Amino acid sequence: MRWLVPVALGLLATQVQGNEYGPLMVKAQSPLQAQNLTPMLRSGQLLQQGQVEWFASGTIASVWAQTPDYTMDYYHNEVNLGVRWAPRQKWELEVNFQHRFAGDNGLDSVTEGFHDLFGLSQNGREQVDKHRFYISAPKQGVEFSDFEGDTLNNVLSLYGAYQWIDTDEHALSIGVGMSYNYVGSGDFKTSDFEQLAQINYLYRPAGPHRVYGTLGTSHSDDAELTGGIERSDWAWMGAVGYEYRFNLKHAVLVEYHAYSGETEEVDELDEISHEFLLGYRYSMKTGAIEFTMIENVFNMDNSTDIAFTLGYRHRI
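With the numbering used here applied, the sequence shown corresponds to residues 2 to 317, in that order.
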């Protein structure tokens, strides 16, 4: 009967490998990067021919940054809907719609409680009213207040990828994308096209471990950010991720995303933004539920304070 053990383990490994959802389905949450088209951490392995995946997610985030040059204190919330499919072997297409808006999600209280619990500095949060919607950059003549309820993004994006390498342990894909963002009125009024290109890697040894990596760049046709601040024409992104699968249903993921600054007009906003992600995935027969916490690290003045995402992915 001893032969049953390696056979069972082999079958389990095969099933686990067949349930490849890749990295967490989470977009950039740093304030400027969230406003623009930014590469995502993606798997080097594309869908198989004929496969279709649709996905939906919601994100709540709190932004707090206070420097001599600017202040940002507001909440943003995000809804993402999309579908991926593989019309031919080695090819994959994706369509995604993102709606992001300013709305009170109550995260100020959660953040302050977390900082108090672990004895961390509030960085000035306790000196202002909670649940504000305020952005100010006096040198650039920017001051927005009481913009709760305003639309921040309405983005329709397209992404296409090609499977370059696909072996037992390694997979590499390359992709290009474009987006159109339209907000018709308000402080965040805009209409612009953007493009991106990225290369994605997957390392999948036998067993429960997965490693992901992405390098990407994006280009904007619109030279201004909201408020008239000049935006950099090009930006880059790099990310790595690790997934550990406890069994067929349960997995944890840890990711690190780095984004270049989006403008040279404000020193802090021209520095790299760092996001650390911790996620849990519960896989079912044809779908998966993901819960993710996003926390800024290293530089507190150009990234979202904290964010949470809940998403569902379904494959047919």
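We treat Cβ as the ideally placed atom computed from N, Cα and C, and that holds for glycine. All values reported here derive from a predicted model rather than from experimental measurement.
Could you tell me the alpha carbon to alpha carbon distance between residue i and residue j, rounded to whole angstroms?
| i | j | result |
| --- | --- | --- |
| F299 | G214 | 20 angstroms |
| E291 | E21 | 13 angstroms |
| R133 | W65 | 10 angstroms |
| Y283 | G262 | 34 angstroms |
| T112 | V84 | 33 angstroms |
| G187 | F145 | 10 angstroms |
| W165 | L203 | 12 angstroms |
| S110 | I61 | 13 angstroms |
| N201 | M301 | 28 angstroms |
| G1 | P139 | Residue numbering for the chain in the displayed model covers 2 to 317; residue 1 lies beyond these limits and cannot be assessed. |
| A308 | G107 | 11 angstroms |
Residue i bridges to which residues according to DSSP?
| i | result |
| --- | --- |
| G280 | L254 and T293 |
| Y181 | L157 and F194 |
| H275 | A259 |
| E95 | R85 and Y160 |
| H220 | Q196 and W235 |
| A240 | T215 and H258 |
| V53 | W86 |
Based on Cα-Cα distance, which residue from the options lies nearest to residue i?
| i | options | result |
| --- | --- | --- |
| Y257 | A29, G208, Q141 and V111 | A29 |
| T287 | R316, T310, N297 and E276 | R316 |
| Q370 | Y313, P69 and M285 | Nothing about residue 370 can be reported from this structure: the residues present for the chain run from 2 to 317 only. |
| G104 | F148, L311, K91 and W92 | F148 |
| E170 | M26, P209, P139 and L279 | P209 |
| R314 | A289, V111 and H100 | A289 |
| L153 | Y160, D306, Q99 and V53 | Q99 |
| T305 | L278, L311 and M285 | L278 |
| F247 | G239, Y281 and A259 | Y281 |
With the cut-off set at 8 angstroms, would you say residue i and residue j are in Cβ contact?
| i | j | result |
| --- | --- | --- |
| Y181 | F194 | yes |
| L216 | Q199 | yes |
| R232 | S221 | yes |
| T264 | L33 | yes |
| E276 | S31 | yes |
| G176 | Q196 | no |
| L38 | S158 | yes |
| G59 | V80 | yes |
Answer yes or no: the CB of residue i versus the heavy atoms of the ligand NAD, is any distance below 7 angstroms?
| i | result |
| --- | --- |
| F98 | The ligand NAD is absent from the structure shown, which contains no ligands of any kind. |
Would you call the stretch 34-53 and the stretch 66-75 touching, i.e. three or more CB-CB distances under 8 angstroms?
No: the two stretches stay apart, fewer than three of their Cβ pairs being nearer than 8 angstroms.
Evaluate contact between the stretch 243-254 and the stretch 268-276, counting only Cβ atoms and requiring at least three cross-stretch pairs below 8 angstroms.
Below 8 angstroms, too few C-beta pairs join the stretch 243-254 and the stretch 268-276 to call them touching: fewer than three.
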